[in-house]
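Colleague: The structure follows.
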Amino acid sequence: MSGVNRREEASTSSCESEGSGEILDEGMFSVLLSVKLPIVSTSKCNSSNSFSGNITTNMICAGSSTGGKDACKGDSGGPLVCDGRVYGLVSWGNGCGDSRFPGVYTAVSRNLKSGEKGIVNCFNVIS
Numbered sequence: 001m002s003g004v005n006r007r008e009e010a011s012t013s014s015c016e017s018e019g020s021g022e023i024l025d026e027g028m029f030s031v032l033l034s035v036k037l038p039i040v041s042t043s044k045c046n047s048s049n050s051f052s053g054n055i056t057t058n059m060i061c062a063g064s065s066t067g068g069k070d071a072c073k074g075d076s077g078g079p080l081v082c083d084g085r086v087y088g089l090v091s092w093g094n095g096c097g098d099s100r101f102p103g104v105y106t107a108v109s110r111n112l113k114s115g116e117k118g119i120v121n122c123f124n125v126i127s
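Note that full-length UniProt numbering numbers the sequence shown so that position 15 is 15, with each residue one more than the last.
In structure tokens form, the structure reads like this:
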């Protein structure tokens with residue numbers, strides 16, 4: 001598949017999340033913004049210091065280990081793009097930009113039926 005990839009393949013990728021939602025809980029922004037985010041391992045995201053086992057195989061975590069970078073309110077549904085391909089969609093989180101709680105994304109390829117994967121395959125991100 002060229003348009004959507006499995007979660008495991010994104011584990012070392014440089015990813016970006018895009019949206020025009022709130023900036024660190026300070027209000028909505030009027031233009032589309034992009035933030036570079038590393039993928040956070042499921043085990044780290046599920047640790048007792050983070051989401052305590054609430055992250056499933058249908059989810060991807062991404063966020064800065066130092067905090068301050070994240071998707072936020074109003075960004076839901078926006079893409080998580082890694083290596084020019086959509087890996088996830090902004091789903092939920094615990095606040096914005098907290099290093100203990102990375103953003104949670106729906107793992108796109110894990111939530112598609114086999115016939116739908118071919119349709120999404122047509123949509124590559126063009127930089």
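In this text, a Cβ means the ideal position worked out from N, Cα and C, and glycines have one as well.
I want to know whether the region 92-104 touches the region 61-77 - three or more CB-CB distances under 8 angstroms.
Modeller: Yes, the region 92-104 touches the region 61-77.
Colleague: Pick helix, strand or coil for Thr106, following the three-state DSSP scheme.
Modeller: The residue you call residue 106 lines up with position 106 of the sequence shown. Here Thr106 sits in strand by DSSP.
Colleague: Report all residues from its chain with a CB closer than 8 angstroms to the CB of Val104; omit the five preceding and five following residues, and keep chain order.
Modeller: Numbered from 1 along the sequence shown, position 104 holds the residue referred to as residue 104. Closer than 8 angstroms at the Cβ level, and outside the excluded window around Val104, lie Cys45, Phe51, Ile55, Met59, Ile60, Cys61, Ser91, Trp92, Gly93.
Colleague: Whole angstroms are fine: how far does the CA of Asp75 sit from the CA of Glu16?
Modeller: To locate residue 16, count along the sequence shown from 1; it is residue 16. To locate residue 75, count along the sequence shown from 1; it is residue 75. Straight-line spacing of the CA atoms in Glu16 and Asp75 works out to 13 angstroms.
Colleague: Give me the Cα-Cα distance between Asp83 and Ser48, rounded to the nearest whole angstrom.
Modeller: To locate residue 83, count along the sequence shown from 1; it is residue 83. To locate residue 48, count along the sequence shown from 1; it is residue 48. Going by the C-alpha atoms only, they are around 30 angstroms apart.
Colleague: Assuming residue 135 contacts Glu18 (C-beta within less than 8 angstroms), just tell me the rounded distance between them.
Modeller: Since the first and last residues shown for the chain are 1 and 127, residue 135 lies out of range.
Colleague: Report, in whole angstroms, the separation of the C-beta atoms of Lys73 and Leu37, which I expect to be a contact under 8 angstroms.
Modeller: By one-based count along the sequence shown, residue 73 stands at place 73. By one-based count along the sequence shown, residue 37 stands at place 37. 17 angstroms between Cβ atoms; not a contact.
Colleague: Can you tell me whether Leu32 is buried or exposed, with buried defined as 16 or more other CB within 10 angstroms of its CB?
Modeller: As a working mapping, residue 32 is identified with position 32 in the sequence shown. Looking at its Cβ environment, which holds fewer than 16 other Cβ atoms inside 10 Å, Leu32 is exposed.
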